[in-house]
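S.K.: So the protein lines, in turn, are chains D and U.
Residue numbers for the first sequence follow the numbering used here, so the first one is 1 and each next one is one higher.
Residue numbers for the second sequence follow the numbering used here, so the first one is 1 and each next one is one higher.
One structure is given below, represented as structure tokens, and several questions about it will come after.
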Amino acid sequence: MRLEISRLRCGYPGHTVTEDISFSVSSGEALYLLGPNGSGKTTLFKTVLGVLARQNGVITMDGADTASWPQRRRAQYLAYVPQAHTPPFPFTVRDVVLTARTAYLGMFGTPSRRDVAIAEEAIDTLGLSALAGSRYTEISGGERQLVLIARAVAQQAHFLVLDEPTSNLDFGNQVKVLKKIRELRALGYGLLVTTHLPDQAFLCASQVALLNHGRLIEIGEPEAVLTEARLAATYGVALKIADVGSGLKVCVPLLN
Amino acid sequence: MTARHAAPAHHTGAMIALTVLFLVIVWWSLALGRYHVPLETWWKLVTAPDDAGIAGQILLQVRLPRIAAGILIGAGLSAAGAAYQGIFRNPMVSPDILGASAGAGFGAAAAILLGWSIIGIELSSFAFGLIAVGLTCAAAAKLKRMGDPILTLVLVGILVGSVFTALVSLAKYAADPYSKLPAITLWLMGSLSAINPKDLGFALVPMAIGLVPLYLLRWNLNVLAFGEEEARALGAETTRLRWIIIFCATLLTGAAVAIAGMVGWVGLVIPHLARMIVGPDYRVLLPASVLLGASYLLLTDDLARSVMANEIPLGIITALIGAPFFLYLMMRSERGWA
Chain D
1 MRLEISRLRC GYPGHTVTED ISFSVSSGEA LYLLGPNGSG KTTLFKTVLG
51 VLARQNGVIT MDGADTASWP QRRRAQYLAY VPQAHTPPFP FTVRDVVLTA
101 RTAYLGMFGT PSRRDVAIAE EAIDTLGLSA LAGSRYTEIS GGERQLVLIA
151 RAVAQQAHFL VLDEPTSNLD FGNQVKVLKK IRELRALGYG LLVTTHLPDQ
201 AFLCASQVAL LNHGRLIEIG EPEAVLTEAR LAATYGVALK IADVGSGLKV
251 CVPLLN
Chain U
1 MTARHAAPAH HTGAMIALTV LFLVIVWWSL ALGRYHVPLE TWWKLVTAPD
51 DAGIAGQILL QVRLPRIAAG ILIGAGLSAA GAAYQGIFRN PMVSPDILGA
101 SAGAGFGAAA AILLGWSIIG IELSSFAFGL IAVGLTCAAA AKLKRMGDPI
151 LTLVLVGILV GSVFTALVSL AKYAADPYSK LPAITLWLMG SLSAINPKDL
201 GFALVPMAIG LVPLYLLRWN LNVLAFGEEE ARALGAETTR LRWIIIFCAT
251 LLTGAAVAIA GMVGWVGLVI PHLARMIVGP DYRVLLPASV LLGASYLLLT
301 DDLARSVMAN EIPLGIITAL IGAPFFLYLM MRSERGWA
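Here it is as structure tokens:
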């Protein structure tokens, strides 16, 4: 499967945020989107997900234009993993994951036994079986993030759109989530991920897109895009990229 | 789609208990009253309605319609409250808090003042309920950046509610002090004492039009509780759903207010209690709220007609129970919403 975005213009009514964005992601690839706050990452994501109407440009799924697709159909191809949140009601982990099946139900439908089985399997895939009956509002932030990934898996979509999946997580939980992201890639999902941390792109990305002021500055392999000069210019800070062995790179800021 | 639905099985026991509780309260309410009705009369009513005598007439014309109205209003207000809480993602909202009740109250008072029929009262009540909710939503959306959205919606709802309460006072002020004013005043306090079988018939239609779609959309209420953007990304057509649900919940509120007046707080208290018993999953929560709401309203109406020699207006009892409960919820909220 191939998700292709060409010359996309996104924004809110009467206000354009990003312009002339083109890239593509195929199954098994992970495109990481980096850019300063306000560079348009979230707006771009919302538009790709169909939450926000596109202003111009084309989004295609294996060549088919998705513009006229009902939201339900789009959700069968693209699943959203928001940042771990707290809903106003104490749903169980199982109920949260089960909402993924909405894309396969009619307007008046409720999940069938088969849907429940799919949800359970997704919970199992993420290693969360012990938490299935727990209240989503009472588990840790890291666990909540994994539950939201499980929900995206249960949605049986081909592409997952992850919005800063490690923000607000402690170091251990960040690593857990990063491992899952790698596993998902190996399972054949196409991933679209935003992050503020170049290190994570070095660890998990097959491609990196650098966004600033609503424009795509550069797109390509992580090592090619994330250079000291380019990151320094984009974020306006001094930094150093170092090789820590076996080809793995890290990015550290220089404070003076 | 097959009919094999994934029943949230662990709540079957709670649902059976709520059903039994409801049936017991219905039975008790039928037996309760100043006029004692012997058991045989019930049998006679079923087999030979014409020979049942005065007792039979009392049952058929007075007690039965009143109980049916209690069930409808309790069920309707509770379902409306549960639905509002879901789409506004806010466990503190209810028909009262959103201003829907006050708006519907003004619509009904104005219609009574103009001498309209029960259908006119219902339509006017519904229309002004919808206007009030619309105003609350619009104003709250404008104030989005004010911080806590839950608090903003509650505050704006109170403001809109007070505007319509003032308009109700205006309607009272303009009313004929000998005929219309007592009617409006008594009706505003909330009471089922004036229910007759004909009004009940007219209330049944909007109640059904409101309740049935809400029940059919119970799964979508779960999805909408995750917020507009997430629900859309999950494949829900949120705009259409939101409108249908607001329409239905407001229709239920309007119908309840039109036949029983201002019976407050039911739509806040009951969904909360139901959520404590069966959890937040709307597939169970909605039917549980309906059963619990019907039971609660019957029970408070039993109190209203039996505690004192004169009837206590129902709205007074529900407010006396509801307001302290709201306070209790606010204190609990420090530890997360139930």
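In this text, a Cβ means the ideal position worked out from N, Cα and C, and glycines have one as well.
In whole angstroms, what is the alpha-carbon distance linking A140/U and L155/U?
M.R.: 9 Å
S.K.: Does the CB of R232/U have a neighbour CB from chain D at under 8 Å?
M.R.: Yes, R232/U lies at the interface with chain D (some Cβ there is under 8 Å from its Cβ).
S.K.: Return helix, strand or coil for N90/U, following the three-state DSSP convention.
M.R.: In the displayed model, N90/U falls within coil according to three-state DSSP, outside both helix and strand.
S.K.: Can you check whether the CB of L167/U is closer than 8 Å to the CB of F126/U?
M.R.: No, they are not a contact pair.
S.K.: Between which two residues does the alpha helix (DSSP H) containing S295/U stretch?
M.R.: 282-306
S.K.: Should H5/U be flagged as near chain D, meaning a C-beta pair shorter than 8 Å?
M.R.: Bear in mind that a pLDDT of 48 at H5/U, under 50, signals an unreliable position, so the number given afterwards is only what the model happens to contain. Closer than 8 Å: yes.
S.K.: Hey, quick one: how far does the beta strand (DSSP E) through P253/D stretch, first residue to last?
M.R.: 249-253
S.K.: Taking buried to mean at least 16 other C-beta atoms within 10 Å of its own C-beta, is R66/U buried or exposed?
M.R.: buried
S.K.: Quick check on the DSSP output: what are the complete alpha helix (DSSP H) runs of length 4 or more inside the region 113-182 of chain U, in order along the chain?
M.R.: As far as the region 113-182 of chain U is concerned, its whole alpha helix (DSSP H) runs of at least 4 residues are 118-142, 149-174.
S.K.: Would you mind sorting E29/D into buried or exposed? The rule is 16 or more other CB atoms within 10 Å of its CB.
M.R.: By the 10 Å Cβ count, E29/D comes out buried.
S.K.: Give me the Cβ distance between R275/U and G50/D, rounded to the nearest whole Å; I'm assuming they're in contact under 8 Å.
M.R.: About 31 Å separates the two Cβ atoms, so there is no contact after all.
S.K.: Could you check whether T19/U and L291/U sit closer than 8 Å to each other, using their CB atoms as the reference points?
M.R.: yes
S.K.: Just checking, does the region 141-151 of chain D make contact with the region 48-66 of chain D on the three C-beta pairs under 8 Å criterion?
M.R.: The region 141-151 of chain D vs the region 48-66 of chain D: no contact.
S.K.: Quick check: is the beta carbon of A208/U nearer than 8 Å to any beta carbon in chain D?
M.R.: no
S.K.: Which complete beta strand (DSSP E) runs does the region 50-123 of chain D hold, if anything under 3 residues is left out?
M.R.: You should have 56-61, 78-81.
S.K.: Please classify S26/D: does DSSP put it in a helix, a strand, or coil?
M.R.: strand
S.K.: Whose C-alpha, out of G33/U, W116/U, N220/U, is nearest the C-alpha of R242/U?
M.R.: N220/U is the residue among G33/U, W116/U, N220/U whose C-alpha sits nearest the C-alpha of R242/U.
S.K.: Among L211/D, A100/D, I181/D, P13/D, which has the Cα closest to the Cα of D20/D?
M.R.: L211/D
S.K.: Could you please tell me which residues of the region 169-203 of chain U, in chain order, have their CB closer than 8 Å to any CB of chain D?
M.R.: Within the region 169-203 of chain U, no residue qualifies.
S.K.: So what does G11/D bridge to, in DSSP terms?
M.R.: T16/D
S.K.: Along chain U, in chain order, which residues have C-beta atoms closer than 9 Å to that of P222/D?
M.R.: Chain U residues near P222/D: none, gap ~27 Å exceeds 9 Å.
S.K.: At a CB-CB cut-off below 7 Å, which residues of chain U make contact with R144/D?
M.R.: Those do not exist, as R144/D stays about 12 Å from chain U at its closest Cβ, beyond 7 Å.
S.K.: Say whether chain D places a C-beta atom closer than 8 Å to the C-beta of G235/U.
M.R.: Under the Cβ distance rule, G235/U counts among the residues neighbouring chain D, one pair being separated by less than 8 Å.
S.K.: What are the boundary residues of the alpha helix (DSSP H) that R232/U is part of?
M.R.: 228-233
S.K.: On the premise that L217/U lies in contact with I245/U, defined as a C-beta separation below 8 Å, what is that separation, rounded to the nearest angstrom?
M.R.: 6 Å
S.K.: Checking 8 Å against the spacing of the C-beta atoms, do L314/U and A304/U come in under that value?
M.R.: yes
S.K.: From Y32/D to R7/D, what does the alpha carbon distance come to, in whole angstroms?
M.R.: C-alpha separation (whole angstroms): 18 Å.
S.K.: Decide yes or no for the touch test of the region 123-140 of chain D against the region 82-102 of chain D: beta carbon pairs closer than 8 Å, at least 3 of them.
M.R.: yes
S.K.: Could you check whether F202/D and K240/D sit closer than 8 Å to each other, using their CB atoms as the reference points?
M.R.: no
S.K.: Measure the C-alpha to C-alpha separation of L188/U and T166/D and round it to an integer number of angstroms.
M.R.: 54 Å
S.K.: Interface residues of chain U around D163/D at Cβ under 7 Å?
M.R.: What D163/D touches in chain U: nothing, since even the nearest Cβ is about 10 Å away.
S.K.: Can you have a look at G127/D and say buried or exposed, based on whether 16 or more other CB atoms are within 10 angstroms of its CB?
M.R.: Exposed, by the Cβ-count rule.
S.K.: Residue range of the beta strand (DSSP E) that G214/D falls in?
M.R.: Where G214/D is concerned, there is no enclosing beta strand (DSSP E), given that its DSSP letter is neither H nor E.
S.K.: Within the same chain, show all residues whose beta-carbon is closer than 6 Å to that of C248/U, passing over the 5 residues directly before and after it, in chain order.
M.R.: G210, P213, L214
S.K.: Assign A236/U to one of three DSSP states: helix, strand, or coil.
M.R.: coil
S.K.: Measuring only between beta-carbons, confirm whether W219/U sits less than 8 Å from chain D.
M.R.: yes
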